[in-house]
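Visitor:
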Amino acid sequence: MSASAIEQEIDAARSRLETTVNELAYRAQPKVIVQRQVEDLKAKLVAATRTPEGGLRVERIGAAVAAVVGVAVVACLVRRRRRR
0 MSASAIEQEI DAARSRLETT VNELAYRAQP KVIVQRQVED LKAKLVAATR
50 TPEGGLRVER IGAAVAAVVG VAVVACLVRR RRRR
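Going by numbering that gives the first Met the number 0, 67 is the number at position 68 of the sequence shown; the sequence numbering is gapless.
In structure tokens, the structure reads:
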């Protein structure tokens, strides 16, 4: 292998390494991490509340609302008992 070919191979490897390092640095930014987590959470919410055809899953939404109301009622009752 000639010196020129070795230099070209080294330059190509250096370029690939630089691209990898830049990608990792970008992915490690807190702003990017938060953005990925928000997108993931949105996708999970859509999957939990929508059918594959796009319709609402009323039973799941109703159950979630009922659970929130139940927790609110219990919290109010606990507050009232503490005040007495």
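Cβ coordinates follow ideal geometry from the N, Cα and C atoms, glycine included.
#1: Measure how close the beta-carbons of Ala-71 and Arg-59 come, nearest whole angstrom, since I'm counting them as under 8 Å.
#2: Can you give, in chain order, each stretch of the alpha helix (DSSP H) that sits fully within the stretch 6-77 and has at least 4 residues?
#3: Would you please state the rounded distance, in angstroms, between the beta carbons of Arg-49 and Leu-55? I believe it to be under 8 Å.
#4: For Tyr-25, collect the residues of the same chain with a Cβ closer than 8 Å to its Cβ; drop the 5 residues on either side in sequence, then sort them by chain order.
Guide: Reading off the structure:
#1: No, Ala-71 and Arg-59 are not in contact; Cβ-Cβ is about 19 Å, not under 8 Å.
#2: Listed in chain order, they are 29-48.
#3: Between the beta-carbon of Arg-49 and that of Leu-55 there is about 6 Å, and that keeps the pair under the 8 Å contact cut.
#4: For Tyr-25, where only same-chain residues beyond five positions count, the Cβ hits under 8 Å are Val-31.
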